[in-house]
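**Q** For the sequence shown, our numbering assigns the number 386 to the initial residue and increments by one for each residue that follows. Every residue gets a Cβ at the ideal spot worked out from N, C-alpha and C, and that includes glycine.
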Amino acid sequence: MTEMTDNIVHLDHLKFAWPGADTLVLDIPEFAMGRAERVFLKGPSGSGKTTLLSIIAAVLSPQSGSVVVDGVSLGDLRSGQKDQFRVDRIGLVFQQFNLLPFLSVRDNITLPCQFSKRRRAVALNAGRSLDDEVDRLLSAMHLKPSEVQHKRVTDLSVGQQQRVAVARALIGRPALVIADEPTSALDSDTRQAFIDLLFAEVNAAGSALLFVSHDASLAGVFDRCMDLSDINEAATSSSLQGDWL
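1. Tell me the residue span of the beta strand (DSSP E) that contains L462.
2. When DSSP labels each residue in this structure, what does R513 get in the three-state scheme?
3. For the alpha helix (DSSP H) containing N617, list its first residue and its last residue.
4. Under 8 Å Cβ to Cβ from S592, same chain only, skipping five residues before and after it: list those, please.
5. Does DSSP put Q545 in a helix, in a strand, or in coil?
6. Alpha carbon to alpha carbon, how far is D391 from L438?
7. Using a Cβ-Cβ cut-off of 6 Å (strictly less than) and excluding sequence neighbours within five positions of R576, which residues of its own chain qualify?
8. How many Å lie between P530 and A552 at the Cα?
9. For my contact list, K400 and L411 are in at a C-beta cut-off of 8 Å; report their separation, rounded to the angstrom.
10. Identify which residue in N493, V472, A590 and D473 has its Cα closest to the Cα of F482.
11. Taking one C-beta from the segment 542 to 552 and one from the segment 515 to 527 each time, how about it: are there three or more such pairs within less than 8 Å?
12. Using a Cβ-Cβ cut-off of 8 Å (strictly less than) and excluding sequence neighbours within five positions of A417, which residues of its own chain qualify?
13. Taking 7 Å as the cut-off, decide whether the C-beta atoms of A506 and R471 are in contact.
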């Protein structure tokens, strides 16, 4: 079922536990996130942050409750439909970047467009060709297209790889960008510059941003900052056993 609402994400009575576990990792009565809102979600390692992101990204399914993302009820989708929904609607920035080492920078960035006609069409609408849009995104990330786009990502610095990962997440202007600890390997000055670049591109795309980190120093520039324990009634030391994501 699809319906347009003011929320990009809405969770209702969400409960999740790992198979065979006696305790809940997540017990969230309600959580909502507005379209184009930039939300900072914090919490210590092992608190369930990545588990929650995986549920919102349709990678994991809760035992009960509803998850609605961009107007789509994820519980109504079959496995293959969830995969397509994810690549169509969500841009993911992983902590370890997850770039493919055997592909060039350009091919890494355009990868979502190989699997999503929706993202490809939007990217082509934003530029005269995919190459144009790759050039634009690389330039927006303060990388010179002529110098990096044909390199393998393994030839780039960590900071450059990070910006390529963001360009890949943003191509085709997905409705929601999810960033999981993307600044953990950066120093404080580089972190702030990265956040500025990320915000500029998210704003240009009109995308919502759910940014997860344990670094509370970044929280002040977001529209809203929240601790996972504030919405998760399972946030006790016993209930977090088994959450290794």
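**A** With the structure as the only source:
1. Here L462 belongs to no beta strand (DSSP E), and DSSP marks it neither H nor E.
2. coil
3. Here N617 belongs to no alpha helix (DSSP H), and DSSP marks it neither H nor E.
4. A421, G476, L555, R558, P559, A560, L561 and V562
5. Residue state for Q545 is assigned as helix, using DSSP reduced to three classes.
6. Each residue's Cα considered, the two are about 20 Å apart.
7. Excluding sequence neighbours, R576 sits near T568.
8. 12 Å
9. 7 Å
10. N493
11. yes
12. N392, V394, H395 and L396
13. no
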